[in-house]
Structure formats: structure tokens, C-alpha cells
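If you use our numbering, the sequence shown corresponds to residues 4 to 108, in order.
Shown next, in C-alpha cells, is the structure this report addresses.
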Amino acid sequence: MNVARKYNSSLRPTPVLVEAALERLGKRFWMARKLRGFTQQELADLADVSLSTLRALEAGADGVALGNALKVFQALDLLGQIDQLLDPQVDPQSVTFAERTLKVR
């Protein structure tokens with residue numbers, strides 16, 4: 004049984020691609036924590052989240068609140084990398100939209 008399903012909070016099944024991404028992200032949280040020498044409890048305390056939340060995040064659960072995930076990113080000193088995810092200057096769709104709709108003076 005997939006550990007992430009144990010924590011699945013929704014009534015609908017998680018799409019396979021999303022589940023795989025959550026599993027990869029969970030493994031990366033685990034690795035980042037280990038590389039910094041934190042126990043789960045230490046990181047949970049530092050991030051101001053519950054131990055069960057951190058465990059769910061590392062297990063790739065889909066029910067972890069975005070705010071809690073961001074607290075863990077911050078505690079790991081990785082929050083800056085999240086800003087790049089939807090950066091309009093990097094997103095090709097944003098660039099295309101801007102080129103079509105913004106007036107050039």
C-alpha cells in the first residue's frame with residue numbers, strides 16, 4: 004500500500020501524476036532534513052508544524068496544507084526556491100500572454 008494513500012484526505016483519488024510528484028517531493032523533504040542533521044521532531048519544532056504534519060509531508064500526503072509545507076521550506080532555508088515556481092519571467096505562458104496583451108510604448 005502506498006504510504007501517501009494512508010494520509011489521503013480527499014474523497015476523490017489523487018491523480019497518478021500528482022501522487023508521483025508528491026512522493027518525489029516527500030523524499031526531497033526527507034533528504035533535505037537528513038542533510039541538515041535534523042530529526043523529524045527538531046524540524047517540526049523549527050517549522051512550527053506538528054510532527055504528524057511533517058511525517059505526512061515526507062510521506063507524500065496530499066492533505067498537507069500549503070502554508071505548512073511553506074513553513075517547512077522556510078525552516079530548511081529553501082523558501083527562496085519556491086518563488087521561482089510561478090515566476091512570470093520564467094513561465095513561458097506568462098511571457099506569451101504579456102507579449103500579446105501588454106501595450107508597448
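Cβ atoms here follow ideal geometry from the backbone N, Cα and C, with glycine treated the same way.
Query, Result
"Could you tell me which of Glu61, Ser97 and Leu79 sits nearest to glutamate 22, measuring between CA atoms?", "Glu61"
"Going along the chain, which residues of its own chain have a beta-carbon closer than 8 Å to the beta-carbon of isoleucine 85, five neighbours each way excluded?", "Leu73 and Phe76"
"Check whether the Cβ atoms of aspartate 46 and alanine 78 lie closer than 7 Å to each other.", "The question names aspartate, yet the displayed sequence has leucine at residue 46. Closer than 7 Å, so yes."
"Exposed or buried, what is phenylalanine 32 when buried is set at 16 or more other beta-carbons lying within 10 Å of its beta-carbon?", "buried"
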